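Worksheet: one structure, shown below.
In this note's numbering, the protein residues as written are 1 to 406.
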(Lines of atoms letter the chains of each structure in order from A and count residues from 1; the text may use other names and numbers.)
(Lines give C-alpha, C1' and ligand atoms only; values in the text may rest on other atoms or scores of the structure.)
Protein backbone atom coordinates (compact mmCIF):
# COMPACT_ATOMS: atom_id res chain seq x y z
CA UNK A 1 0.00 0.00 0.00
CA UNK A 2 1.54 3.38 -0.98
CA UNK A 3 2.60 5.77 1.76
CA UNK A 4 0.28 8.43 0.33
CA UNK A 5 -2.81 6.47 1.43
CA UNK A 6 -4.39 8.33 4.35
CA UNK A 7 -6.73 6.76 6.89
CA UNK A 8 -8.83 8.75 9.35
CA UNK A 9 -9.30 6.79 12.61
CA UNK A 10 -12.16 8.11 14.77
CA UNK A 11 -12.82 6.88 18.32
CA UNK A 12 -13.28 8.53 21.70
CA UNK A 13 -11.37 5.66 23.32
CA UNK A 14 -7.63 6.34 23.18
CA UNK A 15 -6.65 2.65 23.42
CA UNK A 16 -8.97 1.76 20.54
CA UNK A 17 -7.53 4.60 18.43
CA UNK A 18 -4.04 3.21 19.01
CA UNK A 19 -5.09 -0.36 18.19
CA UNK A 20 -6.80 0.56 14.92
CA UNK A 21 -3.97 2.94 13.99
CA UNK A 22 -1.38 0.19 14.42
CA UNK A 23 -3.28 -2.15 12.10
CA UNK A 24 -3.25 0.27 9.16
CA UNK A 25 0.10 1.90 9.94
CA UNK A 26 1.83 -1.49 9.52
CA UNK A 27 0.73 -1.36 5.88
CA UNK A 28 2.52 1.95 5.35
CA UNK A 29 -0.64 4.06 5.55
CA UNK A 30 -0.63 7.57 7.00
CA UNK A 31 -2.94 7.83 10.04
CA UNK A 32 -5.03 10.85 11.04
CA UNK A 33 -6.72 10.75 14.46
CA UNK A 34 -10.04 12.20 15.66
CA UNK A 35 -11.78 11.72 19.00
CA UNK A 36 -15.41 12.44 18.02
CA UNK A 37 -17.73 12.77 15.03
CA UNK A 38 -17.55 16.56 14.79
CA UNK A 39 -13.76 16.48 14.57
CA UNK A 40 -14.05 13.68 12.00
CA UNK A 41 -16.29 15.76 9.73
CA UNK A 42 -13.86 18.69 9.88
CA UNK A 43 -10.74 16.57 9.30
CA UNK A 44 -12.39 14.67 6.44
CA UNK A 45 -13.02 17.98 4.63
CA UNK A 46 -9.57 19.35 5.38
CA UNK A 47 -7.40 16.24 4.91
CA UNK A 48 -9.42 14.24 2.33
CA UNK A 49 -8.47 10.79 3.67
CA UNK A 50 -8.72 7.71 1.45
CA UNK A 51 -10.56 5.71 4.14
CA UNK A 52 -12.41 6.41 7.40
CA UNK A 53 -12.56 3.90 10.26
CA UNK A 54 -15.07 5.30 12.76
CA UNK A 55 -16.64 4.35 16.07
CA UNK A 56 -20.40 4.88 16.51
CA UNK A 57 -20.95 5.85 20.14
CA UNK A 58 -19.02 9.10 20.70
CA UNK A 59 -19.61 12.46 22.43
CA UNK A 60 -20.51 15.71 20.56
CA UNK A 61 -21.51 13.84 17.39
CA UNK A 62 -21.95 10.10 16.98
CA UNK A 63 -20.72 8.03 14.06
CA UNK A 64 -24.11 7.92 12.32
CA UNK A 65 -24.44 11.72 12.30
CA UNK A 66 -20.84 12.17 11.17
CA UNK A 67 -21.37 9.66 8.37
CA UNK A 68 -24.40 11.58 7.07
CA UNK A 69 -22.50 14.88 7.14
CA UNK A 70 -19.54 13.42 5.29
CA UNK A 71 -21.81 11.98 2.60
CA UNK A 72 -23.61 15.33 2.08
CA UNK A 73 -20.35 17.09 1.19
CA UNK A 74 -19.34 16.39 -2.46
CA UNK A 75 -15.68 16.79 -1.51
CA UNK A 76 -15.93 13.86 0.92
CA UNK A 77 -18.93 11.95 -0.43
CA UNK A 78 -16.83 9.22 -2.07
CA UNK A 79 -14.60 8.43 0.91
CA UNK A 80 -15.20 4.80 2.03
CA UNK A 81 -16.34 4.46 5.63
CA UNK A 82 -16.25 1.45 7.96
CA UNK A 83 -18.18 1.82 11.22
CA UNK A 84 -16.73 0.08 14.27
CA UNK A 85 -19.01 -0.56 17.27
CA UNK A 86 -19.58 -2.83 20.24
CA UNK A 87 -23.35 -2.87 19.56
CA UNK A 88 -23.76 -5.71 17.08
CA UNK A 89 -27.50 -5.70 16.35
CA UNK A 90 -29.40 -5.79 13.07
CA UNK A 91 -31.01 -2.42 13.85
CA UNK A 92 -27.62 -0.78 14.40
CA UNK A 93 -26.27 -2.21 11.17
CA UNK A 94 -29.27 -0.93 9.22
CA UNK A 95 -28.85 2.50 10.83
CA UNK A 96 -25.21 2.50 9.80
CA UNK A 97 -25.89 1.59 6.19
CA UNK A 98 -28.71 4.15 5.96
CA UNK A 99 -26.32 6.81 7.27
CA UNK A 100 -23.99 6.03 4.36
CA UNK A 101 -21.48 3.55 5.80
CA UNK A 102 -19.94 1.04 3.39
CA UNK A 103 -19.19 -1.63 5.98
CA UNK A 104 -19.88 -2.42 9.61
CA UNK A 105 -17.53 -4.30 11.92
CA UNK A 106 -18.40 -5.34 15.45
CA UNK A 107 -15.96 -5.02 18.35
CA UNK A 108 -13.94 -6.93 19.32
CA UNK A 109 -12.59 -7.76 15.88
CA UNK A 110 -9.56 -9.52 14.49
CA UNK A 111 -6.95 -7.11 13.12
CA UNK A 112 -6.65 -9.28 9.99
CA UNK A 113 -10.36 -8.89 9.26
CA UNK A 114 -10.22 -5.11 9.71
CA UNK A 115 -7.25 -4.93 7.36
CA UNK A 116 -8.87 -7.19 4.75
CA UNK A 117 -12.10 -5.14 4.74
CA UNK A 118 -10.13 -1.89 4.56
CA UNK A 119 -8.04 -3.00 1.57
CA UNK A 120 -11.13 -4.32 -0.25
CA UNK A 121 -12.93 -0.98 0.17
CA UNK A 122 -9.89 0.97 -0.98
CA UNK A 123 -9.69 -1.11 -4.16
CA UNK A 124 -13.41 -0.75 -4.88
CA UNK A 125 -13.45 3.01 -4.29
CA UNK A 126 -10.39 3.59 -6.48
CA UNK A 127 -12.61 2.78 -9.48
CA UNK A 128 -15.59 4.75 -8.12
CA UNK A 129 -13.37 7.78 -7.55
CA UNK A 130 -12.11 7.65 -11.13
CA UNK A 131 -15.67 7.59 -12.45
CA UNK A 132 -16.70 10.45 -10.14
CA UNK A 133 -13.93 12.67 -11.46
CA UNK A 134 -15.23 12.30 -15.01
CA UNK A 135 -18.89 12.79 -14.09
CA UNK A 136 -20.84 15.65 -15.67
CA UNK A 137 -20.24 18.91 -13.83
CA UNK A 138 -21.16 22.53 -14.27
CA UNK A 139 -18.90 24.91 -16.16
CA UNK A 140 -17.26 27.76 -14.24
CA UNK A 141 -16.72 30.97 -16.25
CA UNK A 142 -14.67 33.80 -14.74
CA UNK A 143 -14.73 37.46 -15.82
CA UNK A 144 -11.60 39.34 -14.76
CA UNK A 145 -9.60 42.54 -15.18
CA UNK A 146 -6.74 43.99 -13.17
CA UNK A 147 -8.05 47.44 -14.06
CA UNK A 148 -11.33 48.77 -12.73
CA UNK A 149 -13.97 50.49 -14.78
CA UNK A 150 -13.99 48.10 -17.73
CA UNK A 151 -17.35 46.52 -16.95
CA UNK A 152 -16.53 43.25 -15.16
CA UNK A 153 -19.66 43.21 -12.99
CA UNK A 154 -22.00 44.31 -15.79
CA UNK A 155 -20.64 41.74 -18.22
CA UNK A 156 -20.68 38.97 -15.59
CA UNK A 157 -24.33 39.71 -14.84
CA UNK A 158 -25.34 39.75 -18.50
CA UNK A 159 -23.42 36.56 -19.29
CA UNK A 160 -25.11 34.75 -16.40
CA UNK A 161 -28.46 36.10 -17.54
CA UNK A 162 -27.75 35.03 -21.11
CA UNK A 163 -26.85 31.48 -20.08
CA UNK A 164 -30.00 31.19 -17.96
CA UNK A 165 -32.22 32.62 -20.69
CA UNK A 166 -30.75 30.53 -23.51
CA UNK A 167 -30.98 27.16 -21.76
CA UNK A 168 -34.01 27.79 -19.56
CA UNK A 169 -32.15 26.61 -16.47
CA UNK A 170 -30.87 28.57 -13.48
CA UNK A 171 -27.32 29.90 -13.76
CA UNK A 172 -25.29 30.94 -10.72
CA UNK A 173 -23.65 34.36 -10.50
CA UNK A 174 -21.00 34.46 -7.77
CA UNK A 175 -19.89 37.89 -6.60
CA UNK A 176 -16.26 37.47 -5.57
CA UNK A 177 -15.66 41.17 -4.86
CA UNK A 178 -15.76 40.56 -1.13
CA UNK A 179 -15.30 44.17 -0.02
CA UNK A 180 -17.54 46.05 -2.47
CA UNK A 181 -19.47 43.68 -4.72
CA UNK A 182 -22.49 44.96 -6.66
CA UNK A 183 -23.93 41.86 -8.34
CA UNK A 184 -27.04 41.80 -6.16
CA UNK A 185 -27.68 45.48 -6.95
CA UNK A 186 -27.66 44.74 -10.69
CA UNK A 187 -30.62 42.42 -10.13
CA UNK A 188 -32.31 44.62 -7.53
CA UNK A 189 -31.86 41.92 -4.89
CA UNK A 190 -31.44 42.58 -1.17
CA UNK A 191 -28.33 41.54 0.73
CA UNK A 192 -30.25 39.30 3.11
CA UNK A 193 -27.90 36.38 2.41
CA UNK A 194 -24.24 36.81 1.43
CA UNK A 195 -20.81 35.20 1.55
CA UNK A 196 -20.62 36.44 5.14
CA UNK A 197 -23.19 33.82 6.15
CA UNK A 198 -20.97 31.07 4.77
CA UNK A 199 -17.87 32.47 6.45
CA UNK A 200 -19.33 31.70 9.87
CA UNK A 201 -19.42 27.94 9.21
CA UNK A 202 -16.48 25.53 9.43
CA UNK A 203 -15.73 24.15 5.99
CA UNK A 204 -16.89 20.69 7.04
CA UNK A 205 -20.40 22.04 7.68
CA UNK A 206 -20.77 23.84 4.34
CA UNK A 207 -22.80 21.52 2.12
CA UNK A 208 -24.98 21.83 -0.99
CA UNK A 209 -28.14 22.59 0.97
CA UNK A 210 -26.51 25.43 2.90
CA UNK A 211 -24.96 27.02 -0.19
CA UNK A 212 -28.17 26.71 -2.20
CA UNK A 213 -30.17 28.36 0.59
CA UNK A 214 -27.96 31.45 0.42
CA UNK A 215 -28.25 32.11 -3.31
CA UNK A 216 -30.92 34.68 -4.15
CA UNK A 217 -33.08 33.72 -7.16
CA UNK A 218 -34.05 36.31 -9.78
CA UNK A 219 -36.90 36.01 -12.28
CA UNK A 220 -34.34 35.99 -15.12
CA UNK A 221 -33.13 32.57 -13.97
CA UNK A 222 -29.96 33.91 -12.37
CA UNK A 223 -29.22 32.84 -8.79
CA UNK A 224 -26.89 35.30 -7.07
CA UNK A 225 -24.40 34.57 -4.32
CA UNK A 226 -23.91 38.13 -3.08
CA UNK A 227 -20.80 39.74 -1.69
CA UNK A 228 -20.88 40.75 2.00
CA UNK A 229 -22.69 43.99 2.77
CA UNK A 230 -19.78 45.31 4.84
CA UNK A 231 -16.09 45.26 3.80
CA UNK A 232 -14.88 43.79 7.09
CA UNK A 233 -17.10 40.74 6.59
CA UNK A 234 -15.31 39.95 3.35
CA UNK A 235 -12.09 39.35 5.26
CA UNK A 236 -13.69 36.30 6.91
CA UNK A 237 -13.94 34.45 3.58
CA UNK A 238 -10.78 32.47 2.78
CA UNK A 239 -9.53 30.79 -0.38
CA UNK A 240 -10.24 27.28 0.90
CA UNK A 241 -13.92 28.09 1.43
CA UNK A 242 -14.16 29.76 -1.98
CA UNK A 243 -12.82 26.66 -3.73
CA UNK A 244 -15.11 24.43 -1.68
CA UNK A 245 -18.22 26.48 -2.46
CA UNK A 246 -17.44 26.59 -6.19
CA UNK A 247 -17.07 22.81 -6.27
CA UNK A 248 -20.44 22.51 -4.56
CA UNK A 249 -22.02 24.86 -7.09
CA UNK A 250 -20.67 22.70 -9.93
CA UNK A 251 -22.91 19.92 -8.64
CA UNK A 252 -26.02 22.12 -8.73
CA UNK A 253 -25.71 24.40 -11.76
CA UNK A 254 -24.78 23.83 -15.40
CA UNK A 255 -23.17 27.26 -15.51
CA UNK A 256 -21.48 29.34 -12.82
CA UNK A 257 -20.23 32.85 -13.62
CA UNK A 258 -17.65 34.53 -11.36
CA UNK A 259 -17.56 38.32 -11.00
CA UNK A 260 -13.94 38.74 -9.87
CA UNK A 261 -12.18 41.70 -8.20
CA UNK A 262 -9.28 43.62 -9.74
CA UNK A 263 -6.50 41.81 -7.86
CA UNK A 264 -4.64 38.56 -7.41
CA UNK A 265 -5.64 37.96 -3.79
CA UNK A 266 -5.85 34.41 -2.42
CA UNK A 267 -9.62 34.29 -2.88
CA UNK A 268 -9.35 35.64 -6.42
CA UNK A 269 -6.73 33.03 -7.27
CA UNK A 270 -9.00 30.33 -5.86
CA UNK A 271 -11.73 31.46 -8.25
CA UNK A 272 -9.36 31.65 -11.21
CA UNK A 273 -7.98 28.19 -10.46
CA UNK A 274 -11.47 26.69 -10.37
CA UNK A 275 -12.56 28.41 -13.60
CA UNK A 276 -12.82 26.39 -16.80
CA UNK A 277 -12.71 29.55 -18.91
CA UNK A 278 -11.53 33.08 -18.08
CA UNK A 279 -12.43 36.24 -19.98
CA UNK A 280 -9.88 39.02 -19.49
CA UNK A 281 -11.61 42.36 -20.09
CA UNK A 282 -9.85 45.47 -21.31
CA UNK A 283 -10.85 48.83 -22.71
CA UNK A 284 -9.04 50.49 -25.66
CA UNK A 285 -6.59 52.58 -23.64
CA UNK A 286 -2.95 52.21 -22.69
CA UNK A 287 -3.48 51.61 -18.97
CA UNK A 288 -5.93 48.81 -19.69
CA UNK A 289 -3.57 47.20 -22.21
CA UNK A 290 -0.75 47.28 -19.65
CA UNK A 291 -3.03 45.65 -17.05
CA UNK A 292 -3.94 42.97 -19.58
CA UNK A 293 -0.24 42.32 -20.30
CA UNK A 294 0.43 41.87 -16.58
CA UNK A 295 -2.55 39.53 -16.33
CA UNK A 296 -1.38 37.37 -19.24
CA UNK A 297 2.10 37.14 -17.72
CA UNK A 298 0.68 36.14 -14.34
CA UNK A 299 -1.55 33.48 -15.89
CA UNK A 300 1.44 32.02 -17.71
CA UNK A 301 3.44 31.97 -14.47
CA UNK A 302 0.53 30.17 -12.81
CA UNK A 303 0.73 27.51 -15.49
CA UNK A 304 -2.68 28.19 -17.03
CA UNK A 305 -3.16 26.68 -20.48
CA UNK A 306 -3.37 29.25 -23.28
CA UNK A 307 -6.87 28.10 -24.20
CA UNK A 308 -8.12 28.68 -20.64
CA UNK A 309 -8.21 32.47 -21.02
CA UNK A 310 -9.10 34.89 -23.80
CA UNK A 311 -9.27 38.66 -24.33
CA UNK A 312 -12.50 40.65 -24.63
CA UNK A 313 -12.40 44.30 -25.69
CA UNK A 314 -15.13 46.42 -24.11
CA UNK A 315 -15.45 49.72 -25.98
CA UNK A 316 -16.18 51.88 -22.93
CA UNK A 317 -15.87 55.26 -24.70
CA UNK A 318 -17.04 56.56 -28.03
CA UNK A 319 -13.91 57.79 -29.82
CA UNK A 320 -10.11 57.94 -29.87
CA UNK A 321 -9.56 54.44 -28.50
CA UNK A 322 -6.59 52.30 -29.49
CA UNK A 323 -7.21 50.19 -32.59
CA UNK A 324 -7.97 46.51 -32.09
CA UNK A 325 -5.07 45.39 -34.30
CA UNK A 326 -2.63 47.59 -32.34
CA UNK A 327 -3.80 46.07 -29.04
CA UNK A 328 -3.46 42.57 -30.43
CA UNK A 329 0.04 43.35 -31.71
CA UNK A 330 1.08 44.76 -28.33
CA UNK A 331 -0.28 41.78 -26.40
CA UNK A 332 0.74 39.20 -29.04
CA UNK A 333 -2.69 37.69 -28.60
CA UNK A 334 -5.97 37.72 -30.52
CA UNK A 335 -9.00 39.54 -29.11
CA UNK A 336 -11.83 36.99 -29.20
CA UNK A 337 -14.79 39.36 -28.76
CA UNK A 338 -15.56 43.08 -28.98
CA UNK A 339 -18.42 44.79 -27.15
CA UNK A 340 -19.55 48.03 -28.81
CA UNK A 341 -19.99 51.39 -27.10
CA UNK A 342 -23.58 51.38 -25.80
CA UNK A 343 -23.83 53.35 -22.54
CA UNK A 344 -27.55 54.13 -22.48
CA UNK A 345 -29.07 50.63 -22.24
CA UNK A 346 -26.33 49.49 -19.83
CA UNK A 347 -26.77 52.46 -17.48
CA UNK A 348 -30.55 52.05 -17.64
CA UNK A 349 -30.24 48.39 -16.65
CA UNK A 350 -27.95 49.25 -13.73
CA UNK A 351 -30.20 52.02 -12.41
CA UNK A 352 -33.40 49.99 -12.64
CA UNK A 353 -31.97 46.66 -11.47
CA UNK A 354 -33.55 44.98 -14.50
CA UNK A 355 -31.01 43.06 -16.63
CA UNK A 356 -30.69 44.20 -20.23
CA UNK A 357 -31.66 40.76 -21.54
CA UNK A 358 -34.91 40.93 -19.57
CA UNK A 359 -35.76 44.59 -20.22
CA UNK A 360 -34.85 44.62 -23.93
CA UNK A 361 -34.46 41.03 -25.17
CA UNK A 362 -34.73 42.06 -28.83
CA UNK A 363 -32.09 44.82 -28.62
CA UNK A 364 -28.75 44.57 -30.47
CA UNK A 365 -26.80 44.45 -27.18
CA UNK A 366 -28.98 41.62 -25.88
CA UNK A 367 -28.31 39.73 -29.10
CA UNK A 368 -24.56 40.11 -28.52
CA UNK A 369 -24.80 38.65 -25.02
CA UNK A 370 -27.13 35.84 -26.11
CA UNK A 371 -24.77 34.82 -28.92
CA UNK A 372 -21.78 35.04 -26.59
CA UNK A 373 -23.53 32.90 -23.98
CA UNK A 374 -24.30 30.29 -26.64
CA UNK A 375 -20.71 30.23 -27.93
CA UNK A 376 -19.25 29.56 -24.50
CA UNK A 377 -21.84 26.93 -23.59
CA UNK A 378 -20.77 23.33 -23.13
CA UNK A 379 -20.42 21.39 -26.37
CA UNK A 380 -22.95 18.77 -25.29
CA UNK A 381 -25.57 21.49 -24.82
CA UNK A 382 -24.98 22.98 -28.26
CA UNK A 383 -25.08 19.70 -30.17
CA UNK A 384 -28.83 19.16 -30.18
CA UNK A 385 -31.95 21.28 -30.18
CA UNK A 386 -33.49 21.55 -26.67
CA UNK A 387 -36.74 19.66 -26.17
CA UNK A 388 -38.43 22.94 -25.18
CA UNK A 389 -36.32 25.72 -26.72
CA UNK A 390 -36.49 29.10 -25.02
CA UNK A 391 -37.26 32.37 -26.79
CA UNK A 392 -33.57 33.29 -26.47
CA UNK A 393 -32.49 29.99 -28.04
CA UNK A 394 -34.90 30.54 -30.93
CA UNK A 395 -33.52 34.04 -31.54
CA UNK A 396 -29.99 32.65 -31.66
CA UNK A 397 -31.05 29.88 -34.06
CA UNK A 398 -32.60 32.45 -36.41
CA UNK A 399 -29.46 34.58 -36.35
CA UNK A 400 -27.25 31.56 -37.06
CA UNK A 401 -29.46 30.56 -39.98
CA UNK A 402 -29.34 34.09 -41.38
CA UNK A 403 -25.54 34.21 -41.13
CA UNK A 404 -25.28 30.83 -42.84
CA UNK A 405 -27.30 32.18 -45.79
CA UNK A 406 -25.04 35.20 -46.06
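Glycine residues also receive a C-beta, built at the ideal position from the N, C-alpha and C atoms. Note that the structure is a prediction, hence the values are computed from the model and not measured.
**Message:** Please state whether the Cβ-Cβ distance between residue 159 and residue 295 is less than 7 Å.
**Reply:** no
**Request:** Note down, one range per segment and in chain order, each beta strand (DSSP E) of at least 3 residues found wholly within the segment 243 to 301.
**Result:** 255 to 259, 277 to 282
**Item:** Backbone secondary structure at residue 402 - three-state DSSP
**Value:** helix
**Asked** Nearest CA to the CA of residue 67: which residue from 137, 101, 87, 78?
**Response** The shortest Cα separation from residue 67 among 137, 101, 87, 78 belongs to 101.
**Message:** Within a Cβ cutoff of 6 Å, which residues of the same chain sit near residue 342, ignoring the five residues on either side of it in sequence?
**Reply:** 365
**Request:** Return the CA-CA distance between residue 319 and residue 150, expressed in angstroms with no decimal places.
**Result:** 15 Å
**Item:** Runs of alpha helix (DSSP H) wholly within the segment 181 to 226 (minimum 4 residues, chain order)
**Value:** 183 to 186, 195 to 199, 208 to 214
**Prompt:** Is residue 142 near residue 253, with beta carbons less than 7 Å apart?
**Reply:** No, Cβ-Cβ distance for residue 142 and residue 253 is not below 7 Å.
**Request:** Report yes or no: do three or more beta-carbon pairs, one from the segment 380 to 389 and one from the segment 181 to 189, lie closer than 8 Å?
**Result:** No, the segment 380 to 389 is not in contact with the segment 181 to 189.
**Request:** Enumerate in chain order the residues of its own chain whose CB-to-CB distance from residue 321 is below 8 Å, with the five nearest sequence positions on each side excluded.
**Result:** Closer than 8 Å at the Cβ level, and outside the excluded window around residue 321, lie 283, 284, 285, 315.
**Asked** Among all the DSSP beta bridges, which residues are the ones paired with residue 82?
**Response** 53, 103
**Request:** Specify the secondary structure class of residue 344 as computed by DSSP and reduced to three states.
**Result:** helix
**Message:** Assuming contact is defined by CB atoms lying nearer than 7 Å, are residue 165 and residue 392 in contact in what I supplied?
**Reply:** yes
**residue 339 - partner residues in DSSP beta bridges** = 314
**Prompt:** Would you report the Cα separation of residue 211 and residue 248, rounded to the nearest angstrom?
**Reply:** 8 Å
**Request:** Below 8 Å CB to CB, which residues in the same chain sit around residue 372 once its five sequence neighbours on both sides are set aside?
**Result:** Result list for residue 372: 159, 162, 337, in chain order.
**Prompt:** Cβ of residue 244 within 7 Å of Cβ of residue 170?
**Reply:** no
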